[in-house]
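Peer 1: One structure is given below, represented as structure tokens, and several questions about it will come after.
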Amino acid sequence: MLAGSLVGDRGEIRLCRLEFIDWEEKVKLNLAHKPAVSLLLLVLAGFVFGAASPEDLTLHLDTSDTGHPISPYIYGQFIEHLGRCIYGGLWAEMLEDRKFFYPVDGSTPAWTLHQPGESSWEGEGHPYEILTRSPWLIIGNADSVEMVRQGSFVGEHTPRVHLRENERTGIYQADLALDERRDYVGRVVLAGDTAGSPLRVGLIWGRGASSRVHLDIGDLGRDYVTIPFRFRSGGTTENGRLEIVGQGEGSFRVGAVSLMPADHILGWRADTVRLLRQLDSPVYRWPGGNFVSGYDWRDGIGDRDRRPPRRNPAWTGIEPNDVGIHEFIDLCREIGSEPFIALNTGLGNVESAAQQVEYANGGPETEMGQLRAQNGHPVPFDVRWWAVGNEMYGDWQLGHMPLDEYVKKHNRVAETIWAVHPEVKLIGVGAVGEWSRTMLGSSANHMNLISEHLYWQDRDDLVAHVKQIPERIRLVAEAHRTYRRELVTLQGKEIPIAMDEWNYWYGPFEYGELGVRYFLQDALGIAAGLHEFFRNSDIFLMANYAQTVNVIGAIKTTKTDAEFETTGLVLKLYRERFGTLPVKVSGNHEPLDVAAAWTEDRRGLTVGVVNPSNEEKRLELSVSGEALTARGRVWTISGSDRWLHNEPGKPRRVDAVHSSIEIGDNVLRVPALSVSLFWLEGPQTGWRE
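Shown next, in the form of structure tokens:
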């Protein structure tokens, strides 16, 4: 198998979960919640070639020795209701607590500086902000606003503003990032008794009458009405305000408020969606993660303003439920990806899981299909991929139970779903060791894939920092090969792995909860991880980089900008350019990590090379099998410092650089700290952009 061609010792196969992710690495287990030819490749922008010398590393490519095709689902992504992944990253809503989960009482500050623990998965002791009070402030006296429960529009209570004859009273939210000449759209849900008393909704970007725009609202009645508005900002500021204010007699209630940039795409941020399209992931896993084990999917359907705000069941903050299954399907269709939905097998029951699948895929004659149609989508969503739970082996997981009990629950869920929807693909919860072995031994006929999760921390030694990822992925693959040999339930049956969470996880939370920053060194490790998936393409059918935006994400955002992390650039590059049919790689090329594959049309051979050292390396190349022509291309991600990183709104310090190459001698000099992806023209010839 190709797995043995590029790695060292195969290591111990009989491993338990803790051996894969040990405590000293501080990972997520402790989280509570053919003719021979010679080539020389001449590469512009940093690649130099020369004659071979005894100290050269060697690389041999046998283009006729191919492995199992690489699944496109290896480039999957994961988004969870956590931190600023969805709200504040993907979703375009600009207002915090727009449905008034917290009482509006004038208390400040709304954001509390949270001091996390010293462990890496908690933020290494670096403080970050979390919302702990209402971000809505009061215009006028504090006693002009009260929270009323009777007749609440959504949630437990609704703010009522009492008007006064000689004083403007109302509520406002500040710290809004506004751009000059940009349009913003929104709505406010109001009710009350304001006969003859003018109300205004206004957007403010500075001081004075010329720095605001407003909408006058007529008399209100007892019933709630939704009033849309559209404003254009006349200035750029980080401290814009939206206010709802009146003067006179009576009172008014504010049920919900919304404000988004007018260029949003079905509620999603246009800048983030643009990057998702470039990332071009074939599948997105949602809504969790730990979140899903306490999530009721019914909270995320129906009128968005009427969906109840709740505390996030697994993480900090408030879950407004603005993003539910409809919005997720909209996003997937907008960016051309398949939805992969995780079911709640923690606190959720079998019936709820089955009803969610029916809601997504049931015909209009079914009870849940009728409900979906009432909510605006009569045509089934046809979701193929479903995760039966998340990390149920961990005592941090809501609804955690002993393994023998969970096996029974998993099987009941699968049987109930497949009885009605046998076409869907179910992914069971796995964790190498006793858990995966037992699940495969007792539930092999109740799943199509089995999940594994791996996270890694920072290492002082750069080579070790990069190498730890492919080493652990290889050990997971080898463990599952052992299961296939030893388990009776797998004789004649293969259950591929969905590594539906994998990434580095360390450092301060620069972008909110779990919003760690990634560096050039992490791009090298993610590329090496992809290589290991390619080398074990017979075992891994899916991998979902965790996560996509802000939260340990490949993309980072501010209120107004979005940008690829170094790791996102690697995922984008390989998804765009790397081949699909693995080719055998051999030679003495440590510490370089190398993988190769034919493109699907066999017009070119792609070779990925990771150099995790601080020195330029020289590769003496030889190729056997099908001949190659004298032309090619290369894409390079590199830099002078392992700590280089990108930031939203600033020029990229790390990017992929592209150039053409020509064949010459047989020595390739690979720059330090680099990921290089070569395309070598094959016998079919002809480059296609």
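One rule links them: number in the numbering used here = place in the sequence shown (from 1) + 237.
Using N, Cα and C, we set each Cβ at its ideal position, and we do this for glycine too.
Just so it is clear, the structure is predicted and the values come from calculations on it, not from any experiment.
1) Answer yes or no: do P707 and E642 have a C-beta to C-beta separation smaller than 7 Å?
2) Pull up the distance between the alpha-carbon of D697 and that of Q758, whole angstroms please.
3) Does the beta-carbon distance from L691 to R718 come in below 7 Å?
4) Could you pull the start and end residues of the beta strand (DSSP E) that I389 belongs to?
5) By the 10 Å Cβ neighbour count, where 16 or more other Cβ atoms means buried, how is L350 classified, buried or exposed?
6) Using the three-state DSSP reduction, which class does P753 fall into: helix, strand or coil?
7) Whose C-alpha, out of A446, D559, R419, L479, is nearest the C-alpha of D500?
8) What is the DSSP secondary structure of A273, reduced to helix, strand or coil?
9) Going by DSSP, what residue range makes up the beta strand (DSSP E) through A610?
10) Where does the unbroken alpha helix (DSSP H) through N476 begin, and where does it stop?
11) For G492, which of V669, E852, F337 has the nearest alpha-carbon?
12) So, with DSSP's three-state summary, where would you put F770?
13) Could you tell me whether the Cβ of V871 comes closer than 7 Å to any Cβ of chain D?
14) Jot down the residue ranges of each uninterrupted alpha helix (DSSP H) in the segment 551-632, minimum 4 residues, whole runs only, in chain order.
15) Please classify V725 as buried or exposed, where buried requires at least 16 neighbouring CB atoms within 10 angstroms.
16) On the DSSP letters alone, give me the boundaries of the alpha helix (DSSP H) that A716 sits inside.
17) Would you mind sorting K645 into buried or exposed? The rule is 16 or more other CB atoms within 10 Å of its CB.
18) Looking at the structure shown, is Q515 part of a helix, part of a strand, or coil, going by DSSP?
19) Between V912 and L767, what straight-line distance do the alpha-carbon atoms span, to the nearest angstrom?
20) Grab me the residues of A909's own chain with a C-beta within less than 7 Å of its C-beta, minus the 5 sequence neighbours each way, in chain order.
21) Which residue wins for smallest C-alpha separation from G805, given the options D567, V907, D517, R535?
22) Pull up the distance between the alpha-carbon of E884 and that of E366, whole angstroms please.
23) Tell me the residue span of the beta strand (DSSP E) that contains K809.
24) Exposed or buried, G919, counting other C-beta atoms within 10 Å across all chains shown (16 or more means buried)?
25) With DSSP as the reference, label K662 as helix, strand or coil.
26) Is it right to say L856 is buried, meaning 16 or more other beta carbons lie within 10 angstroms of its own, or is it exposed?
27) Can you give the Cα-Cα distance for G325 and T300, rounded to whole angstroms?
28) Would G485 and S434 qualify as a contact pair, given that the criterion is a beta-carbon distance under 7 Å?
29) When the Cβ atoms of the segment 726-745 are set against those of the segment 671-686, are three or more pairs found closer than 8 Å?
30) For A765, name the three-state secondary structure that DSSP assigns.
31) Quick check: what's the CA-CA separation for Y221 versus S859?
32) Return the CA-CA distance between F801 and T873, expressed in angstroms with no decimal places.
33) Are there 16 or more other CB atoms within 10 angstroms of the CB of G362, so buried, or fewer, so exposed?
34) Should G439 be counted as a contact of the ligand MG given a C-beta to heavy atom distance under 6 Å?
35) Roughly how many whole angstroms lie between the Cα atoms of V422 and L413?
36) Going by beta carbon distance, what residues of the same chain come within less than 6 Å of G933, once the five residues before and after it are set aside?
Peer 2: From the atom records:
1) Within the sequence shown, residue 707 is the residue found at index 470, counting from 1. Within the sequence shown, residue 642 is the residue found at index 405, counting from 1. Between P707 and E642, the gap from beta carbon to beta carbon reaches 7 Å or more.
2) On the sequence shown, residue 697 is found 460 positions in, with the first residue counted as 1. On the sequence shown, residue 758 is found 521 positions in, with the first residue counted as 1. Those two C-alpha atoms are separated by around 11 Å.
3) Within the sequence shown, numbered from 1, the residue matching residue 691 stands at position 454. Within the sequence shown, numbered from 1, the residue matching residue 718 stands at position 481. In this structure, R718 does not lie closer than 7 Å to L691 by Cβ.
4) Position 152 of the sequence shown, counted from the start, is the residue given in the question as residue 389. Looking at the sequence shown, residue 389 is not Ile but Ser. Per DSSP, S389 lies in no beta strand (DSSP E) segment and is marked neither H nor E.
5) Taking the sequence shown and counting its residues from 1, one reaches residue 350 at position 113. So L350 counts as exposed.
6) As a working mapping, residue 753 is identified with position 516 in the sequence shown. The sequence shown places Val at residue 753, rather than the Pro named in the question. In this structure, V753 counts as strand in the three-state DSSP scheme.
7) Position 263 of the sequence shown holds residue 500. Ranking A446, D559, R419, L479 by Cα distance to D500 puts R419 first.
8) On the sequence shown, residue 273 is found 36 positions in, with the first residue counted as 1. Because A273 sits at a pLDDT of 28, beneath the cut-off of 50, its placement in the model cannot be relied upon, and the point is left open.
9) On the sequence shown, residue 610 is found 373 positions in, with the first residue counted as 1. Looking at the DSSP string, A610 is not in any beta strand (DSSP E); the run it does join, the alpha helix (DSSP H), is 604-611.
10) The residue you call residue 476 lines up with position 239 of the sequence shown. For N476, there is no enclosing alpha helix (DSSP H); the enclosing beta strand (DSSP E) has its first and last residue at 474-483.
11) Numbered from its first residue, the sequence shown carries residue 492 at position 255. That would be F337, whose Cα lies nearest to the Cα of G492.
12) Here residue 770 corresponds to residue number 533 of the sequence shown, with the count starting at 1. Correct three-state label for F770: helix.
13) Of the protein chains in the structure, only one exists, and it is not chain D.
14) As summarised for the segment 551-632, the continuous alpha helix (DSSP H) elements at least 4 residues long and confined to that stretch are 562-572, 587-598, 604-611, given in chain order.
15) In the sequence shown, residue 725 corresponds to position 488, counting from 1. In summary, V725 is exposed, with fewer than 16 beta-carbon neighbours lying within 10 Å of its beta-carbon over all protein chains present.
16) Numbered from 1 along the sequence shown, position 479 holds the residue referred to as residue 716. Element bounds for A716: 699-723.
17) The residue you call residue 645 lines up with position 408 of the sequence shown. By the Cβ neighbour-count rule, K645 is exposed, with fewer than 16 other Cβ atoms within 10 Å of its own.
18) As a position in the sequence shown, residue 515 is number 278, starting the count at 1. Per DSSP, reduced to three states, the secondary structure at Q515 is helical.
19) Working through the sequence shown from its first residue, we reach residue 912 at position 675. Working through the sequence shown from its first residue, we reach residue 767 at position 530. Roughly 12 Å separates the two Cα atoms.
20) Taking the first residue of the sequence shown as 1, we reach residue 909 at position 672. The answer, listed in chain order, is N848, S850, N851, E852, E853.
21) Taking the sequence shown and counting its residues from 1, one reaches residue 805 at position 568. Out of D567, V907, D517, R535, D517 has the C-alpha closest to the C-alpha of G805.
22) Stepping through the sequence shown from its first residue, residue 884 is reached at position 647. Stepping through the sequence shown from its first residue, residue 366 is reached at position 129. Taking the straight line joining both Cα atoms gives about 19 Å.
23) By 1-based counting over the sequence shown, the position of residue 809 is 572. Segment 803-814 is the alpha helix (DSSP H) holding K809; no beta strand (DSSP E) there.
24) For the purposes of this step, residue 919 is taken as the residue at position 682 of the sequence shown. Result: buried.
25) As a first step, residue 662 must be located in the sequence shown, where it is residue number 425. Taken through DSSP and simplified to helix, strand or coil, K662 comes out as strand.
26) On the sequence shown, position 619 is the one that residue 856 refers to. Buried, since its Cβ has 16 or more Cβ neighbours within 10 Å.
27) Your numbering for residue 325 matches position 88 in the sequence shown. Your numbering for residue 300 matches position 63 in the sequence shown. Looking at the backbone, the Cα of G325 and that of T300 are separated by about 46 Å.
28) The residue you call residue 485 lines up with position 248 of the sequence shown. The residue you call residue 434 lines up with position 197 of the sequence shown. Yes, the pair counts as a contact, with Cβ atoms nearer than the cut-off.
29) Segments in contact, yes.
30) Counted from its first residue, the sequence shown places residue 765 at position 528. In this structure, A765 counts as helix in the three-state DSSP scheme.
31) No answer is possible for residue 221: it lies beyond the span of the chain, which begins at 238 and ends at 926.
32) Here residue 801 refers to the residue found at position 564 when the sequence shown is read from its first residue. Here residue 873 refers to the residue found at position 636 when the sequence shown is read from its first residue. So the alpha carbons of these two residues sit roughly 16 Å apart.
33) Translated into the one-based positions of the sequence shown, residue 362 becomes position 125. Exposed, because fewer than 16 other Cβ atoms sit within 10 Å of the Cβ of G362.
34) Because no ligand of any kind appears in the structure shown, any question about the ligand MG cannot be addressed here.
35) The sequence position of residue 422 within the sequence shown is 185, counting from 1. The sequence position of residue 413 within the sequence shown is 176, counting from 1. Separation of V422 and L413 (C-alpha to C-alpha, rounded to the nearest whole angstrom) is 14 Å.
36) Any answer about residue 933 is impossible in this case: the structure gives the chain only from 238 up to 926.
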